[in-house]
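Residue numbers (our numbering): 67 to 464.
Below you'll find the structure, written out as structure tokens, and then a few comments.
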């Protein structure tokens, strides 16, 4: 597909922005496009090469469209990419799906280390998404870091259902007539020998969990029988024994205790939840538990016109009494948790600003711009380069 090409779907018309370079061995070409309302979408079209497998690639894309359509027309799941449309003409098939904003887990792990709290948040949502599709008799078959995008709001979103299989419980195993699909190193070993069940996705999810914790593929820590020779907490310091056990339960054949997403979710909560406490900030010796969204500002009885004009309708979650100084703004700073468990901070265009302690000195936060909040971060409410910090607090993940 070339830029500015027009594609007619069943429900809308699309204009191609650009087509991504073809991935080696991939069955589909991927293009970014806009619909008639100017919204960005993703269009997948079968890769036509004339090598004798074109019909197979077209059929695979039709199956992917059918699976995503089935998922999206029922009670859809927030952590699964949504079907939007498909081609109006059957002889020139293409699939239209939503464009997910964010980075893949592969990109995220490469660019910055992940905290255990964030990893747990991502993993729980991934398992819930797998549980959703498994109950619809669907297996993804290609769960890997490149096929999970972390949306800043929604958290992890499963993409690329090109390898997915529907109706797997009706299959007669061992007939050898199934196309072997998956990614070595991420797909479970018995998937390549004709075995197929939900445990294949569970294995892959465990492999992704290992990767998020360690930053390396688990295959480098396995022997010839695909047994882990080192657990995550033995590879990287600071990882809890509990979360390492979840990895072992998922992918180690000698310790695999779970075969369904329901089981894995239950084991995860039993193993990890008791050891995790609610994130909090320590401000002037007082511990304040953080909610999914927490506003800090000067204490006031009710929000007046000045608050309303700035978009604030209710008092801050953590109101601070200044004893007449009024250096703080009524709505000074906001802390919130995204869908993956990360905490972010944003100065709410306060009068005297905010700063974060970084590399030995305070750095002012850009008003209105969000910034990742790391464990043990020290934040100043009201900061002046000559006078220093007015009020400070420390963020604690657990």
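By construction, the Cβ of each residue, glycine as well, lies at the ideal position given by its N, Cα and C atoms.
Taken in chain order, the complete beta strand (DSSP E) segments of 3 or more residues contained in the stretch 361-445 are 384-386, 399-403, 409-413, 420-424, 427-430, 436-438. At a Cβ-Cβ threshold of 8 Å, residue 94 and residue 82 do not count as neighbours. Leaving aside the five residues that flank residue 111 on each side, the residues in its chain whose CB is nearer than 6 Å to its CB run, in chain order, 95, 160.
Between the beta-carbon of residue 367 and that of residue 356 there is about 24 Å, and that puts the pair past the 8 Å contact cut.
Contact between residue 75 and residue 153 holds: CB atoms are separated by about 6 Å, below the 8 Å threshold. If you check the CB distance, residue 447 and residue 362 come in under 8 Å. When the Cα atoms are used, residue 167 and residue 262 turn out to be separated by approximately 32 Å.
Exclusion of the five residues before and after residue 310 leaves 297, 298, 299 as the residues of its chain whose Cβ lies within less than 6 Å of its Cβ. One alpha carbon belongs to residue 395, the other to residue 402, and they sit about 18 Å apart. For residue 210, there is no enclosing beta strand (DSSP E), as DSSP marks it with neither H nor E. The residue from 430, 138, 103 with its alpha-carbon nearest to that of residue 452 is 430. The stretch 378-392 makes no contact with the stretch 423-441; the number of CB pairs closer than 8 Å stays below 3. When DSSP states are grouped into helix, strand and coil, residue 93 belongs to the coil group. DSSP places residue 154 outside any alpha helix (DSSP H), giving it a letter other than H or E.
Assigned with DSSP and collapsed to three states, residue 305 falls in coil, not helix or strand.
For residue 73, the enclosing beta strand (DSSP E) stretches over residues 72-74. Pairing residue 284 with residue 457, the inter-Cα distance amounts to about 45 Å. Annotated three-state conformation of residue 106 is strand, per DSSP.
Residue state for residue 285 is assigned as helix, using DSSP reduced to three classes.
Rounded to the nearest angstrom, the gap between the Cα atoms of residue 253 and residue 415 is 47 Å. Residue 273: member of the alpha helix (DSSP H) spanning 264-280, first to last residue. Leaving aside the five residues that flank residue 190 on each side, none in its chain has a CB nearer than 6 Å to its CB.
Of 289, 273, 290, the smallest CA-CA separation from residue 282 is found for 273. Taking residue 70 as the centre and dropping the five residues before and after it, the same chain places the C-beta of 81, 82 closer than 8 Å to its C-beta, in chain order. By the criterion of a C-beta distance shorter than 8 Å, residue 79 is surrounded in its chain by 72, 73, 101, 102, once the five residues flanking it on both sides are discounted.
Of the residues 384, 230, 419, the one whose Cα lies closest to the Cα of residue 454 is 419. When secondary structure is reduced to three states using DSSP, residue 202 falls in the coil class, being assigned neither helix nor strand.
In the assembly as shown, residue 409 is a buried residue. Its beta-carbon has 16 or more other beta-carbons within 10 Å. Here residue 307 has 299 as same chain residues with Cβ atoms under 8 Å from its own Cβ, once five neighbours each way along the sequence are excluded. Of 421, 143, 222, 289, the smallest CA-CA separation from residue 200 is found for 143.
For residue 86, the three-state secondary structure derived from DSSP is coil. Our two residues, residue 279 and residue 220, have alpha carbons roughly 21 Å apart in a direct line. For residue 119, the three-state secondary structure derived from DSSP is coil. For residue 146, no alpha helix (DSSP H) run applies, since DSSP gives it neither H nor E. For residue 349, the enclosing beta strand (DSSP E) covers residues 346-349. Shown here for residue 151: same chain residues with a beta carbon closer than 7 Å to its own, the five before and five after excluded, namely 75, 76, 77, 78, 162 in chain order.
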